[in-house]
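Worksheet: one structure, shown below.
Chains as they are written, first to last, in the numbering used here: chain A, 4 to 375; chain B, 148 to 406.
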């Protein structure tokens, strides 16, 4: 099979106005999402945000209360899971304990009536792809967690499904192994050209893996975009806080012309835009956009400045990370390169940033409640 | 510490002897030359074994028991397994009540059950029939299968069925290839329990027996109350050895399957 041919194997997914209710609890609230053929889409969100429900709906394990769902242009609502031809990888591996690795991987092929020679060839190819070919005669209980998950991945791709779903597949593994397997999964995605839908609550994992990320919160999608879009241009405060590190500033707001100014702890700061609908604004700042200067030095006109004290200083090797407690008690996070001036706990500092680096967002209580 | 361990060891030995000795006593007695059940035995003879295999009273009752127990093992295993599967998937509160009802034959005094069964069987001419024995013994054996299979299902990961579905297996295929092999140890031990339950059942059997259909326990009981025939000790020895072999075999198979 050539690469160009497998490229075509990825199926598009179209979820429209999907709603799922359990009694009075709404797990999915009017969710719409389009996933392109061959795309690596990550569903990211805290637990209970609806990302796993969405996956289960696509896999056929859960029915929708209302809405439309199609894979490869055809509606699959009401099609039972076993007829959907979609690969699924579970967090708990779900390998069959009474079968060897080889039998596990051959299982979907046996069901499809593929004859022995061809079956063995494809099992070997799938195991080669996840680098587990030497383990074909072992039983799952003889393998480590990472090895079991690689076998589960081989089993889910061996029948060439146009779509592969993964539900927190690395959730039970330790950090080093997780990082290595993330790269393996990325490679396999590139080699297969299959559409991947990946569920995780780990935003770093989402950034490493995905073409695009859909951020879920309380049964809704907050924003869909590339990692860069979500980090640089968050549509909501929730997205801004969930992706990467951030500092949020609140204060009395005034708008004049195209500008918004906020009074934070008695000091005035300016953002170069304003919110459309007159909502209460919050300023979101990224740690690498902030810089520190010794207290009460004059600043450039294009900069905002707030006074505070260093409350934590962390050496990270590649740089330093500071927590600055501002006069109103709020805490800012700053990442400083190694060549910048270093500070110690208790130092009075001016926290500075360029006006255009202010991200003005509508305040939203849900953004704080759902963070862990 | 040390003297305590010695005392503990001796105590355990005592309990073990106490549990096993009454069973072991019948082995020397089955070779007793005298036609009596006196202990200790004297002399040596195979006569009582010979009697067991040649006397039609004994051999026919033995084969009756074997036939009834074999059928009961199958029927009770099917009914009990299906019940266990159904109950394990019931999220309803009624599952607990249903389970309790299915277990009652194990708890209700045998005599009470026997009287009830006898009364009903008289009406429907089931006394002294194989069908009658099978129905009554199946009822008694189902709780054992239910408990054994339920224990297997307790450790069975239902999520494997979801995984099988995602790989393309329909419900029946999933059951055949995933669920059944994984709960098989429970089903087999249920089958064994069902067989033994029927094979050595005496209370109900005494009520519904007839001169034309006697099971082995009934034959043993009538023989020992009528003429103290030492053949019972030979029968006892044979059954003891047979069940020991079956249980040992079951344990060996069970330990090999576990991976």
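In this text, a Cβ means the ideal position worked out from N, Cα and C, and glycines have one as well.
When Cβ-Cβ separations below 8 angstroms define contact, residue 111 of chain A makes contact with chain B. Residue 327 of chain B counts as exposed, since fewer than 16 other beta carbons sit within 10 angstroms of its beta carbon. Under DSSP, the beta-bridge partners assigned to residue 201 of chain A are A/45, A/169. Using a CB distance below 7 angstroms, the part of the stretch 312-339 of chain B facing chain A consists of 312, 313, 314, 315, 316, 317, 320, 325, 328, 329, ordered along the chain.
Three or more Cβ pairs closer than 8 angstroms define a contact, and the stretch 359-371 of chain B falls short of that threshold against the stretch 258-267 of chain B. Counting only the Cα atoms, residue 78 of chain A lies some 14 angstroms from residue 36 of chain A. Taking 8 angstroms as the cut-off, the Cβ atoms of residue 160 of chain A and residue 72 of chain A do not count as close.
Against chain A, the CB of residue 214 of chain B has no partner CB under 8 angstroms away; the residue lies outside that interface.
Sorting B/251, B/205, B/301, B/274 by C-alpha distance to the C-alpha of residue 236 of chain B places B/301 at the top. A straight-line Cα-Cα distance of about 15 angstroms links residue 204 of chain B and residue 380 of chain B. Looking at the DSSP output, residue 263 of chain A shares a beta bridge with A/258, A/274. Taking all protein chains in view, the Cβ of residue 125 of chain A is crowded by 16 or more other Cβ atoms within 10 Å, so the residue is classified as buried. With the criterion set as a beta carbon lying under 9 angstroms from some beta carbon of chain A, the members of the stretch 296-307 of chain B are 304, 306, 307, in sequence order.
Residue pairing by DSSP places residue 317 of chain A opposite A/324 in a beta bridge.
Interface with chain A (8 angstroms Cβ-Cβ cutoff): residue 240 of chain B is excluded. The residue among A/13, A/15, A/24 with its C-alpha nearest the C-alpha of residue 222 of chain A is A/24.
If you ignore the 5 residues before and after residue 331 of chain A, its C-beta comes within less than 7 angstroms of the C-beta of 267, 268, all in its own chain and listed in chain order. Sequence-ordered contacts of the stretch 66-89 of chain A with chain B read 83, 84, 85, 86, 87, 88, 89 [C-beta pairs closer than 9 angstroms]. Straight through space, the alpha carbons of residue 253 of chain A and residue 334 of chain A are spaced by roughly 11 angstroms. In this structure residue 98 of chain A touches residue 154 of chain A by the C-beta definition: roughly 6 angstroms separates them, less than 8 angstroms. Excluding sequence positions up to five before and after residue 288 of chain A, its CB lies within less than 8 angstroms of the CB of 249, 250, 251, 252, 335, 356, 360, 361, 362, all in the same chain and listed in chain order. The stretch 41-49 of chain A makes contact with the stretch 196-210 of chain A; the number of CB pairs closer than 8 angstroms reaches 3 or more. Less than 8 angstroms divides the Cβ of residue 268 of chain B from the Cβ of residue 355 of chain B.
Residue environment for residue 346 of chain B: buried (at least 16 other C-beta atoms within 10 angstroms of its C-beta).
If you check each beta-carbon in the stretch 368-391 of chain B against every beta-carbon of chain A, none falls closer than 8 angstroms. In the three-state reduction of the DSSP assignment, residue 23 of chain A falls in the strand class, which pools E and B. Annotation for residue 217 of chain A: the continuous beta strand (DSSP E) segment containing it runs 215-220. Contact of residue 204 of chain A with chain B by beta-carbon distance below 7 angstroms is absent, the smallest such distance being about 19 angstroms. For a Cβ distance threshold of 7 angstroms, residue set 314, 315, 316, 320 of chain B lies close to residue 114 of chain A, ordered along the chain. Distance from the CA atom of residue 51 of chain A to the CA atom of residue 30 of chain A, rounded to whole angstroms, is 7 angstroms. Between residue 230 of chain B and residue 293 of chain B a beta carbon distance of about 5 angstroms is seen, short of the 8 angstroms cut, so the two are scored as contacting.
CA-to-CA, the gap between residue 351 of chain A and residue 290 of chain A works out to about 18 angstroms.
Beta-carbon to beta-carbon, residue 63 of chain A and residue 83 of chain A are separated by about 6 angstroms, close enough to satisfy the 8 angstroms threshold.
Excluding the 5 residues flanking it on each side, residue 297 of chain B has same chain C-beta neighbours closer than 6 angstroms at 231, in chain order. Counting only the Cα atoms, residue 332 of chain B lies some 30 angstroms from residue 137 of chain A. For the options B/336, B/337, B/307, the alpha carbon positioned closest to that of residue 323 of chain B is the one of B/307.
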